[in-house]
Amino acid sequence: MKSLFKPWLMAVLCINVLSIFAVPSAQAHGEKALEPFIRMRTIQWYDVQWSTQKFNVNDEVSVSGKFHVAEDWPISVPKPEASFLNISTPGPVLIRTERYLNGKPWTNSVSLEPGGDYEFKVVMKGRLPGHYHIHPFFNLKDAGQVMGPGVWLDIGGDPADFSNTIQTINGEMIDMESFGFANGVFWHLFWGLLAAAWLLWWVRRPLFISRYRMLDAGLEHELITDQDKTIAKAVLVGVPVLVLALNAVTANQYPDAIPLQAGLDRILPLPAQVNAGLVNVDTLKAEYNVAQRAMLLQFSIDNRSQGAVRIGQFSTSNVHFMNADLASVNSKPGKDDVSNNGLSLSDNTPIAPGEQRTVTVEVRDAAWESEKLDGLIKDADSRLGGLLFLYDDVMGKRYISSISAAVIPKFN
Amino acid sequence: MATTTEHVSLSTEKPKSLPWYLLDLPKYLKGFGLLAVIYISLRLYQGAFAIEHGLDSSEPAFEQYWMRLFYIELAVLAAVVSGFWGYLWTTRDRNLDQLAPKEEIRRYFTLTMWISIYTFAVYWAGSYFAEQDNSWHQVAIRDTPFTANHIIEFYFNFPLYVILGGCAWLYARTRLPLYAKGISLPLTLAVFGPFMILVSVGFNEWGHTFWFREEFFAAPIHWGFVIGVWFALGVGGILLQGVTRLIELMEKIEDAE
Amino acid sequence: MSAQIPISTFKPYRGEKARLARAYDYLILVLALFLFIGSFHLHFALTVGDWDFWVDWKDRQWWPLVTPLIGITFPAAVQAVLWDKFRLPLGATLCVAALLLGTWVTRVFAYHYWNFFPINMVLPATMVPGALVLDTLLMLTNSLTITSIFGGGAFALLFYPTNWPIFGMFHQAVDYHNSQLSVADVFGFQYIRTGMPEYLRIIERGTLRTYGQYATPLSAFCSALLCSLMYPLWWKIGKLFADTRYLKRI
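This is the structure:
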């Protein structure tokens, strides 16, 4: 056994010792974990921006952005009746200090409405130095985690400098990093020592073989002495009295204690931002060519706005496929987002006001495969979803449509 | 820890510092130490590489740091199970009806040591790394059944305690007359019940894959593990079997100072 | 199974036999310690788990109901063997102490050192006073019925007051961006957990509603009733597993 394990163990130990000195660095999270139809047709993120990507312990950083809750919510995914905007971090290397949805502060969960538009902001504070890949994401009840776009954050400074103080309603300032720790340890030691004393009282004398023999021989009265009984009576009366007394003292100390707070925050969607009506997009067909890693989308676009519009971007599951011809007007996704110029149109000329045009868009890129979006064709629900961005170059306007369509695979 | 009747004469030649019934104590303590080193090393390995390379199973580094560890674990487990079980079976005592009371007492002590090694492995699997799984789920977004903690907990710790429980069962079956004549019900429960925890991994991963998306630790999907661990209470029966037999055997040996 | 030693021929062990019996005691104690840390902790973590892990799960309705109900199981089963066969009144205290040892090691090394959670956010609850009452009551009465009713009841009723000196301070109110939160809730909001969204907490959820906000005593008494049933059930389960039969085949 020793000869089998030891060299391997030594190697492991050496690696560990060496690695202790390394600055923490966290790779991406499992953002491709969920099936593509869930990632594409639930929370559709856009315009997500970080205030900074390099900061120190105790510095604030915020992430803000928008998301559309897809109308074509998958049947197999429970509706977002309880949802929680979270941050994927490798442990609390940051703490979350504030969070806003549509400008309103919120700390609990929220019910989202399919078809609704929301904007969010989360404020955080650096706690542990390191190089981390961080995403905003939604926990959806019974559905899982739908990730927003991730970025690399560099937190510098000294972890010992971190401080997190909050004020109670009674005006007491408390340090969250140490609050209640010494008190908790004290009471655990207090009761732990009493338990240890009771256990030692018994295990100091001969136990299993001896006691079994004596009990078997009818010598039960020798196993529990009068002294044992006196001590047991003292414990039986003293412990409950002590518990109730300590409880009364604590209750007196915190007369205004409140129960844990739980509730669903009620925050209504913004006025429509996506599918707002001026430019209507109807998806006629979606075909995925497996060999070419290309999605062919056919749209019927009805431009009811005052200006000419052109398709600039198709975005799904944090992958941005850009129309290279509109590079100047396209909003730039965060630099760590997956983005490319894989969008080509059958007719790239502007769609005039009042015009209705059928356009075929080819979205060809390896990202379909590398981001595990092509898994769609192997899913029971093979409908695609995403946001189509149209731009009015002259008026400087942007129109967003949340599109969806059943995908037909082409294997050859 | 395995010594057959034929080895008794050799055993008694050991230095006098240890009494005859504790001859296997050094091996027992070394086993404890070795297991502690293995488990602590695995925890240190997690500390070193889990956050850096263990968060996304689609990254090449995950394959390098974690799946490779998984394959090494499988190889080590295969070697341990074939080595220990094979050794215990092939060196079985074929003359159990001629076993001297003192040697039988010594073997009861060694069986207790084997079960103790088993319960030490149950500690790491059932206590430390089990609850640590909840901690890891607060960090990682689960995208594989082979998370940085599952690779240690499900695919190393669980099989290892099953193997060590099997060793205890085999030791008793091959070296102690009562366990050889009949199959001890409590020992079998205490070894086979927790083995079902390993089987429950399949149920757990199936559930998490298809509908249990949340990391609620007290969820019904985990209760298969709970029922499995109740069978560890079979150790009470093993204790009673051991105590009653030891009392009988001690009646048969001379008093000594 | 019994060694059946008649009282007339009973001779206490001396010399080597006494040392041998004592060595066996120590071996069993080490075995039992790790057995109960491993098994009781797994049982507890996967049934009570989240209520014990996080400070913002320790509500006044479910936490005092679920914890004693699950916590009384192994103590009862172990007492069934250690008291009945050895007259050792320490089964409950041993189990609860073992659970606390395992829990503390994990909170420090798995939550704090591995994943950076402050330990005050993951302080465990204690059931030691309830366990001491169970052990002493069983010893003094030698009665399964009395221990079930009064011991089981006390085990549940003492749980919340035992832990209030540890957790009461986390229930001070905070005005947090225009909403009222307890300090415990602030921990849940600030110290980010990817797998534990707020809605997953089971906080005063369900139809066990309160009258005049007496949530805790109602839950504790409900737990007391259930514990007095759970105790004899797990005593029987302990007996069932402590079967000493040798079978012909399995």
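Chains as they are written, first to last, in our numbering: chain A, 2 to 413; chain B, -19 to 237; chain C, 96 to 345. Note that CB positions come from ideal geometry on N, CA and C, so glycine has one too.
Nearest neighbour of GLY186(C) by Cα position, chosen from ASP227(A), SER402(A) and TRP199(A), turns out to be TRP199(A). Rounded to whole angstroms, ALA128(B) and MET41(A) show a C-alpha spacing of 27 angstroms. What PRO106(A) touches in chain C, judged by beta-carbon distance under 9 angstroms, is TYR271, HIS272, ASN273 and SER274, going in chain order. By the CB criterion at 8 angstroms, ILE225(A) and ARG182(C) fall inside the cutoff. CA-CA distance, ALA235(A) to THR257(C), rounds to 18 angstroms.
Taking a beta-carbon distance threshold of 8 angstroms, GLN174(C) does not count as an interface residue toward chain A. At a cut-off of 8 angstroms, the C-beta of GLY263(C) has no neighbouring C-beta in chain B. Using a CB distance cut-off of 8 angstroms, GLU83(B) does not count as an interface residue toward chain C. Taking a 10 Å sphere around the C-beta of MET396(A), we find fewer than 16 other C-beta atoms and assign the residue as exposed. Secondary structure of LEU126(C) (DSSP, three-state): helix. Less than 8 angstroms divides the Cβ of LEU164(C) from the Cβ of SER318(C). Cβ neighbours of LEU57(B) within its own chain (closer than 6 angstroms, five residues either side excluded): PRO139. For HIS136(C), not one C-beta of chain A is nearer than 8 angstroms to its own C-beta. Contacts with chain B (Cβ-Cβ distance below 7 angstroms) from the segment 120 to 154 of chain C involve LEU122, ILE123, VAL125, LEU126, PHE129, LEU130, ILE132, GLY133, SER134, HIS136, LEU137, HIS138, ALA140, LEU141, THR142, VAL143, GLY144, ASP145 and PHE148, listed in chain order.
Among the residues of chain B, those whose CB is under 9 angstroms from the CB of TYR341(C) are LEU158, TYR159, LYS161, GLY162, ILE163, SER164, LEU165 and GLN221, following chain order. Sorting ALA353(A), PRO351(A), LEU344(A) and THR350(A) by C-alpha distance to the C-alpha of TRP369(A) places LEU344(A) at the top. By the beta-carbon neighbour count (other beta carbons within 10 angstroms, threshold 16), ARG100(A) is buried.
VAL94(A) is positioned such that its CB atom lies closer than 8 angstroms to that of PHE211(C).
Between the alpha carbons of GLU114(A) and PRO270(A) lies a gap of roughly 7 angstroms. Against chain C, the CB of PRO139(B) has no partner CB under 8 angstroms away; the residue lies outside that interface. Per DSSP, GLN146(A) lies in no alpha helix (DSSP H) segment; the continuous beta strand (DSSP E) that holds it begins and ends at 145 to 148. Per DSSP, the continuous alpha helix (DSSP H) segment holding GLY197(C) begins and ends at 186 to 201.
Assignment of alpha helix (DSSP H) within the segment 147 to 197 of chain B, counting only whole runs of 4 or more residues, yields 157 to 161 and 165 to 190 in chain order. Interface annotation, PRO(-1)(B): in contact with chain C, CB-CB separation under 8 angstroms. Within chain A, TYR213 and LEU216 have C-beta atoms less than 8 angstroms from the C-beta of LYS180(C), given in sequence order.
Take ASP159(A), set aside five residues on each side of it, and the residues of its chain with a beta-carbon closer than 8 angstroms to its own are VAL58 and PRO130, in chain order. Taking a Cβ-Cβ cut-off of 7 angstroms, ASN258(C) has no neighbours in chain B, whose nearest Cβ is about 18 angstroms from it. Where THR99(B) is concerned, the enclosing alpha helix (DSSP H) starts and stops at 81 to 103. The segment 153 to 164 of chain C makes no contact with the segment 172 to 180 of chain C; the number of CB pairs closer than 8 angstroms stays below 3. Looking at the DSSP output, MET323(A) sits in a beta bridge with GLN314(A).
Of the candidates SER38(B), PHE100(B), GLN118(B) and GLN78(B), GLN118(B) places its Cα closest to the Cα of TRP209(C). Rounded to the nearest angstrom, the gap between the Cα atoms of GLU356(A) and ARG384(A) is 28 angstroms. Excluding sequence positions up to five before and after VAL125(C), its CB lies less than 7 angstroms from no other CB in the same chain. For the set MET325(C), TYR121(C), LEU122(C) and ILE214(C), the Cα lying nearest the Cα of PHE282(C) is the one of ILE214(C). For the 8 angstroms CB-CB criterion, LYS122(A) and ILE96(A) do not form a contact. Per the DSSP secondary-structure output, ARG399(A) pairs in a beta bridge with TYR392(A).
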